[in-house]
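Trainee: Okay, handing you the structure first.
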Amino acid sequence: MTIGGNDVGCLGSVFASTCRASGGTTCAGLDRNAINRTFGVPAGGIENVVNAVRGASPQAHVHLVDYFTILPDSGACADVPLTADQLAFERGIASRLATATSTAATATGATRPGGGGPVGVPPVTPSSLQHPCHRPMVQAKLSREATRSRRGHGGPGRVREMDDNGMSGPGGESGASPVGAAGDGARGGGACPASPRRRALLAAGAGAVVAGLAGAASAGAESARAADRTGAKPAPSRTPSAAGPRPFYIGTYTSSSGQGVGLATYNPQTGAITATGTVAGVANPSFLAVSGTHLYAVNEQSSGKVTAVSIPAGSAPRVLNSQSTGGSGPCHLSVHPGGRHLLSANYDSGSVAVHPIAADGSLQARSGFVQHTGSGPDPDRQSGPHAHQVLSDPQGGFVLSVDLGTDTVYTSRLDTATGKLTAVSQASVQPGSGPRHLAFHPSGRFAYVACELGNSVIVCGYDPATGTLTPGLPQPTVPQGAPPTERNYPAEVAVSGDGRFVYVSNRGANSIARFSVGGSGASLALLDTVPAGGAYPRHISLDPTGTLLYAANQNSGTVTVFHRDTGTGALTAAGSPFATPSPVCVLAR
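Shown next as structure tokens:
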């Protein structure tokens, strides 16, 4: 079964055309928080659809079609009647849909169409002037249809078909892509797909889309005006579909004060956390990963293991089994985008393991293993290899492991048929940097590496075709003039779904750094840091809507919630920190 949809390349044009037809009343600047409320990331909804399909047919093979859009850049053509802000809005919607699709595919174990295994989300890039939605003739057509819609012509929700010249085609009504066949959005990136016909939103259908946007913008503007009058700051927006309590998971150290995997829920409006229980019997579950109705945890101990836990909705969690990682001190794990392999990193012994995931979510015996070798200049922390993270790239083509002990990021290829890893390349950072974790930009062409020993973050170029990582120069994660610390111990990196902001936790300074992203992912600029609200923020993560950020403060035994402004990326602490023993990993679902 294929789930997906066509691209959203016409959305901005419909917006601009209806804006003109309405006499300019909706042409004002865009309220990004209102946009987020109207077009919240639908990853949770996609997951629900996949899980519902599997509930009815457990053996169903589900494909998720990647969403993308084709857009001109702001200076590409004078005929494109969109402001830079409106173009950025259009790209942002496509990027968030792409991220949501990728997240849902990973969480549910669904695949994405394409030969040779799962394929990545095509990058949201500028394209040629041939995109039908941006041709002058189409703009005139959109304006006429939007005007007719406002005067009451046309049936509600009517969708008509245009050819490449922007004229209505025969038949009028558009149909969905056949089951098992990808829509326009799955044909690849680059220029406009070579198709004799395109479907575009027109008439009342377009009016409904833009009316929703206009209403959200109006509501957001009124909220801002009210805040100006009262001096209060409007609360960040939320996704309407996420109104009820959502699952929240906490990784801990049982060798300290933790009792196991912490279970909780969070309020997607306020971010408040409510404890619901604990999965006991899992030793030192210091890092977690969720895939569909299963949770995976490392057992960070000398004889390293990984554990599978069933977490069905409405039922008690149940430990399925554990498997040896073949190394010592596993501290990180992740699920491959195909949903059929678990990757884990052994910190103490400096190795990486692969475990196949069975149909019931349990873990099979280790199928792949790679031992790192080497050392670094720091005698205390780099006497040997220390694999601190392992994850696949967004396209699922390569696996990257970050080694703090050897100042190296290793790239391997995973054979999904055998579960074995084959070394491909290595990327070295400055000696003594101690790379810890990395996170990818949504484009899949850049990665950001937090260096624990170097007090820095590094922007790296990434070639998804070869798996080659190219590190740039390090930059600090605290502002100039900040109180000096011998080591700041940057730990976790989080990237906003639209790719505009990067966050890094600073354990030494007990702060979270906010960076703006430039050059489509190629550069970072430190904007500020905010207090973490606790001691030693080891892990940070964003909720699926991108409006909440959580920080696990290991030494103070608290989790702090921040509201995130999706327009500026600014973080504002909300409520009192949630007390919980030894939190070192937090996941909001």
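Going by my numbering, the final residue of the sequence shown carries number 575, and the count climbs one at a time with no gaps. Heads up, the beta-carbon is just placed ideally off N, CA and C, and yes, glycines get one too.
Using a Cβ-Cβ cutoff of less than 8 Å, which residues in the same chain neighbour residue 509 once the five nearest sequence positions on both sides are dropped?
Mentor: As a working mapping, residue 509 is identified with position 523 in the sequence shown. 445, 503.
Trainee: Taking a contact to mean a Cβ-Cβ separation below 7 Å, would you say residue 284 touches residue 319 in this structure?
Mentor: The count along the sequence shown starts at 1 and reaches residue 284 at position 298. The count along the sequence shown starts at 1 and reaches residue 319 at position 333. Yes, these two residues count as a Cβ contact at 7 Å.
Trainee: Just list the residues that DSSP pairs residue 461 with in beta bridges.
Mentor: Locating residue 461 in the sequence shown gives position 475, counting from the first residue. Residue 461 is bridged by DSSP to 443.
Trainee: For residue 505, which three-state DSSP category applies?
Mentor: Locating residue 505 in the sequence shown gives position 519, counting from the first residue. Three-state result, residue 505: helix.
Trainee: If I measure Cβ to Cβ from residue 262 and keep anything under 8 Å in the same chain, skipping five residues before and after, which residues do I get?
Mentor: Sequence index remark: in the sequence shown, residue 262 carries index 276 (1-based). Within the same chain, residue 262 has close Cβ partners 249, 250, 251.
Trainee: Would you check if the distance between the CB atom of residue 270 and the CB atom of residue 239 is smaller than 7 Å?
Mentor: Residue 270 sits at position 284 when you count from the first residue of the sequence shown. Residue 239 sits at position 253 when you count from the first residue of the sequence shown. For residue 270 and residue 239, yes; Cβs fall inside 7 Å.
Trainee: According to the Cβ coordinates, are residue 418 and residue 363 closer than 7 Å?
Mentor: Taking the first residue of the sequence shown as 1, we reach residue 418 at position 432. Taking the first residue of the sequence shown as 1, we reach residue 363 at position 377. Contact flag set, yes.
Trainee: Helix, strand or coil for residue 32? Go by DSSP, reduced to three states.
Mentor: Within the sequence shown, the letter at position 46 stands for residue 32. The answer is helix: DSSP assigns residue 32 an H, G or I state.
Trainee: Rank 485, 348, 495 by C-alpha distance to the C-alpha of residue 466 and give the top, closest one.
Mentor: For the purposes of this step, residue 466 is taken as residue 480 along the sequence shown, with counting starting at 1. Here the closest residue by C-alpha is 495.
Trainee: Where does residue 295 sit, in a helix, a strand or coil, going by DSSP?
Mentor: As a working note, residue 295 is residue 309 in the sequence shown. Correct three-state label for residue 295: strand.
Trainee: Taking all protein chains shown into account, decide if residue 472 is buried (16 or more other Cβ within 10 angstroms of its Cβ) or exposed.
Mentor: As a first step, residue 472 must be located in the sequence shown, where it is residue number 486. Classification of residue 472: exposed, given that the 10 Å Cβ count is below 16.
Trainee: Within the continuous beta strand (DSSP E) that includes residue 434, where are the two ends?
Mentor: As a first step, residue 434 is located in the sequence shown; it is residue number 448 there, counting from the start. Run containing residue 434: 432 to 437, per the beta strand (DSSP E) assignment.
Trainee: Would you list, in sequence order, the uninterrupted beta strand (DSSP E) runs of no fewer than 3 residues that lie entirely inside the region 400 to 428?
Mentor: Secondary structure within the region 400 to 428: the beta strand (DSSP E) runs of 3 or more consecutive residues, fully enclosed, are 406 to 414, 421 to 426 (chain order).
Trainee: Where residue 317 and residue 255 are concerned, what is the direct C-alpha to C-alpha distance, given to the nearest angstrom?
Mentor: Here residue 317 corresponds to residue number 331 of the sequence shown, with the count starting at 1. Here residue 255 corresponds to residue number 269 of the sequence shown, with the count starting at 1. If I take the Cα positions, the gap works out to 32 Å.
Trainee: What separation, rounded to the nearest whole angstrom, lies between the Cα atoms of residue 575 and residue 277?
Mentor: On the sequence shown, position 589 is the one that residue 575 refers to. On the sequence shown, position 291 is the one that residue 277 refers to. Rounded to whole angstroms, residue 575 to residue 277 spans 10 Å at the Cα level.
Trainee: What are the boundary residues of the beta strand (DSSP E) that residue 330 is part of?
Mentor: Taking the first residue of the sequence shown as 1, we reach residue 330 at position 344. Run containing residue 330: 327 to 332, per the beta strand (DSSP E) assignment.
Trainee: When the Cα of residue 552 is compared with those of 435, 411, 484, 286, which residue comes out closest?
Mentor: Within the sequence shown, residue 552 is the residue found at index 566, counting from 1. Residue 552 has its Cα closest to that of 484, out of 435, 411, 484, 286.
Trainee: Kindly confirm or deny that the region 376 to 396 and the region 446 to 454 touch, where touching means at least three C-beta pairs closer than 8 Å.
Mentor: yes
Trainee: Could you tell me the alpha carbon to alpha carbon distance between residue 287 and residue 374, rounded to whole angstroms?
Mentor: By 1-based counting over the sequence shown, the position of residue 287 is 301. By 1-based counting over the sequence shown, the position of residue 374 is 388. Residue 287 and residue 374: Cα-Cα distance of roughly 14 Å.
Trainee: Would the beta-carbon of residue 479 fall within 7 Å of that of residue 524?
Mentor: The residue given as residue 479 occupies position 493 in the sequence shown. The residue given as residue 524 occupies position 538 in the sequence shown. Going by beta carbons, residue 479 and residue 524 fall outside the 7 Å limit.
Trainee: First and last residue of the beta strand (DSSP E) that includes residue 535?
Mentor: Here the question's residue 535 lines up with position 549 in the sequence shown. Here the beta strand (DSSP E) through residue 535 covers 534 to 539.
Trainee: To which residues of the same chain is residue 304 closer than 8 Å at the C-beta, ignoring the five residues directly before and after it?
Mentor: Walking along the sequence shown from the start, residue 304 turns up at place 318. Closer than 8 Å at Cβ, skipping near neighbours: 295, 296.
Trainee: I need the DSSP call for residue 305, collapsed to helix, strand or coil.
Mentor: Within the sequence shown, residue 305 is the residue found at index 319, counting from 1. DSSP places residue 305 in strand when its eight states are reduced to three.
Trainee: Could you tell me whether any Cβ in chain C is nearer than 7 Å to the Cβ of residue 520?
Mentor: Any reference to chain C falls outside this structure, which holds one protein chain only.
Trainee: Among 428, 426, 422, which has the Cα closest to the Cα of residue 438?
Mentor: Within the sequence shown, residue 438 is the residue found at index 452, counting from 1. Per the C-alpha coordinates, the member of 428, 426, 422 positioned closest to residue 438 is 422.
Trainee: Where does residue 48 sit, in a helix, a strand or coil, going by DSSP?
Mentor: Against the sequence shown, residue 48 aligns to sequence position 62. Note: residue 48 maps to coil in three-state DSSP.
Trainee: Give the single residue among 35, 370, 572 whose Cα lies nearest to the Cα of residue 544.
Mentor: Position 558 of the sequence shown, counted from the first residue, corresponds to residue 544. By alpha-carbon distance to residue 544, the top candidate from 35, 370, 572 is 572.
Trainee: Looking only at DSSP bridge pairs, what is residue 280 linked to?
Mentor: Locating residue 280 in the sequence shown gives position 294, where the first residue counts as 1. Per DSSP, 277, 296.
Trainee: On the CB-based measure, 16 or more other CB atoms within 10 Å of its CB, does residue 334 come out buried or exposed?
Mentor: On the sequence shown, residue 334 is found 348 positions in, with the first residue counted as 1. Buried, since its Cβ has 16 or more Cβ neighbours within 10 Å.
Trainee: Specify the secondary structure class of residue 268 as computed by DSSP and reduced to three states.
Mentor: By 1-based counting over the sequence shown, the position of residue 268 is 282. Three-state DSSP puts residue 268 in coil, outside helix and strand.
Trainee: Looking only at its chain, what residues have a beta carbon closer than 7 Å to the beta carbon of residue 280, apart from the 5 residues adjacent to it on each side?
Mentor: Taking the sequence shown and counting its residues from 1, one reaches residue 280 at position 294. Residues of the same chain with a CB within less than 7 Å of the CB of residue 280, apart from the 5 flanking positions on each side, are 294, 295, 296, 297, 347 in chain order.
Trainee: Helix, strand or coil: which one does DSSP assign to residue 285?
Mentor: Residue 285 sits at position 299 when you count from the first residue of the sequence shown. Residue 285 falls in the strand class under three-state DSSP.
Trainee: Within the same chain, show all residues whose beta-carbon is closer than 7 Å to that of residue 233, passing over the 5 residues directly before and after it, in chain order.
Mentor: Within the sequence shown, residue 233 is the residue found at index 247, counting from 1. Excluding sequence neighbours, residue 233 sits near 251, 575.
Trainee: In the DSSP output, which residue or residues are listed as bridge partners for residue 528?
Mentor: In the sequence shown, residue 528 corresponds to position 542, counting from 1. In DSSP, residue 528 forms a bridge with 535.
Trainee: Just confirm the distance between the C-beta atoms of residue 536 and residue 493, as a whole number of angstroms; I'd bet it's less than 8 Å.
Mentor: Sequence index remark: in the sequence shown, residue 536 carries index 550 (1-based). Sequence index remark: in the sequence shown, residue 493 carries index 507 (1-based). Their Cβ separation, rounded to whole angstroms, is 16 Å, which puts residue 536 and residue 493 out of contact at 8 Å.
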